[in-house]
Amino acid sequence: SQELEQSPQSLIVQEGKNLTINCTSSKTLYGLYWYKQKYGEGLIFLMMLQKGGEEKSHEKITAKLDEKKQQSSLHITASQPSHAGIYLCGASRYGNNRLAFGKGNQVVVIP
Amino acid sequence: ETGVTQSPTHLIKTRGQQVTLRCSSQSGHNTVSWYQQALGQGPQFIFQYYREEENGRGNFPPRFSGLQFPNYSSELNVNALELDDSALYLCASSLEAGNLYGYTFGSGTRLTVV
Chain E
163 SQELEQSPQS LIVQEGKNLT INCTSSKTLY GLYWYKQKYG EGLIFLMMLQ KGGEEKSHEK
223 ITAKLDEKKQ QSSLHITASQ PSHAGIYLCG ASRYGNNRLA FGKGNQVVVI P
Chain L
3 ETGVTQSPTH LIKTRGQQVT LRCSSQSGHN TVSWYQQALG QGPQFIFQYY REEENGRGNF
63 PPRFSGLQFP NYSSELNVNA LELDDSALYL CASSLEAGNL YGYTFGSGTR LTVV
């Protein structure tokens, strides 16, 4: 089974609407990373969360980490076409030198 | 400051052939990790190189091998290519082997095996 489950798998929103995507881990989280990927391209780093309850924002994107639920959510306010893409969450484990990724959330923003 | 660069961007190979992919790490980064991303999947860790030595390996067969050079650039070699090796290969560099902060990815090499 997948170590990281991302939901929903895909999401279509109208421009200007808010959206939330989730990433749930089946193992203890040490660090949780959010990346954005345009189709077939590299990963662009968005945010890293490390402590339970931590919340970070960058422009219109906010990510939170719920350590008890082993879950992170990423919220986009007033979505724009530039927010379209695949959002990947990656988890690091203590003492580990790699990231385990979920399958991604595909976000489509309709003008 | 230059980012992570990968070459080539696209590649088509025949089953059974060998391929070499290249990665130049971000300035100041001494650790390089390689990932394989199949269509519709998240990236899967192949291995990491630190100070020219392999420093951790994922669940990939020995026909996946690598090198790191004194300037911290790296190569990924895949022998006896199989159709399932078709994927986007991503390289990531970081400051130190155990430090994922600042983990920076390149744009990837799209490998198609026919």
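Protein sequence lines correspond, in order, to chains E and L. In terms of our numbering, the first sequence is residues 163 to 273. In terms of our numbering, the second sequence is residues 3 to 116. Don't be surprised by glycine CBs; every beta carbon is placed ideally from N, CA and C. On a predicted model such as this, the values are computed, not experimentally measured, just so you know.
I need the DSSP call for residue i, collapsed to helix, strand or coil.
| i | result |
| --- | --- |
| E:H245 | helix |
| L:L85 | helix |
| L:R17 | coil |
| L:F47 | strand |
| E:K231 | coil |
| E:E226 | According to the sequence shown, residue 226 of chain E is Lys rather than Glu. Strand at E:K226. |
| L:T22 | strand |
| L:V80 | strand |
| E:K218 | strand |
| E:L166 | strand |
| L:Q8 | strand |
| E:L191 | coil |
Verify whether the separation of the beta carbon atoms of residue i and residue j is less than 7 Å.
| i | j | result |
| --- | --- | --- |
| L:E77 | L:T22 | yes |
| E:L250 | E:Y197 | yes |
| E:V175 | E:L166 | no |
| L:Q8 | E:N259 | no |
| E:A246 | E:V270 | yes |
| E:Q199 | E:N267 | no |
| E:L317 | E:L211 | The structure shown does not extend to residue 317 of chain E, since chain E spans only 163 to 273, so no value can be given for it. |
| L:G44 | E:G204 | no |
Sort out for me which residues DSSP pairs residue i with in a bridge.
| i | result |
| --- | --- |
| L:Y52 | L:T33 and L:E55 |
| E:Y197 | E:F207 and E:L250 |
| E:F263 | E:G252 |
| L:N61 | Paired residues: none, contrary to the question. |
| L:P94 | The identity of residue 94 of chain L in the sequence shown is Ala, whereas the question assumes Pro. Partner(s): L:S35 and L:F107. |
| E:L173 | E:V269 |
| E:N184 | E:S169 and E:S235 |
| L:S67 | L:N79 |
| L:V115 | L:K15 |
Along chain E, in chain order, which residues have C-beta atoms closer than 9 Å to that of residue i?
| i | result |
| --- | --- |
| L:L90 | G202, E203 and G204 |
| L:S35 | N259, R260 and L261 |
Does residue i come within less than 7 Å of chain L when only Cβ atoms are used?
| i | result |
| --- | --- |
| E:G215 | no |
| E:G178 | no |
| E:L194 | no |
| E:G266 | yes |
Taking 7 Å as the threshold (beta carbon to beta carbon), is residue i in contact with chain E?
| i | result |
| --- | --- |
| L:R45 | Note that residue 45 of chain L is Pro in the sequence shown here, rather than Arg. Output row for L:P45: interface = yes. |
| L:F107 | yes |
| L:G110 | yes |
| L:G30 | no |
Name the chain L residues whose beta carbon is nearer than 7 Å to that of residue i?
| i | result |
| --- | --- |
| E:L250 | G44 |
At a CB-CB cut-off below 7 Å, which residues of chain E make contact with residue i?
| i | result |
| --- | --- |
| L:Q50 | N259 and R260 |
Using a cut-off of 9 Å between C-beta atoms, extract the partners of residue i located in chain C.
| i | result |
| --- | --- |
| L:G68 | Checking the listed chains, one finds no chain C in this structure; the protein chains it contains are E and L. |
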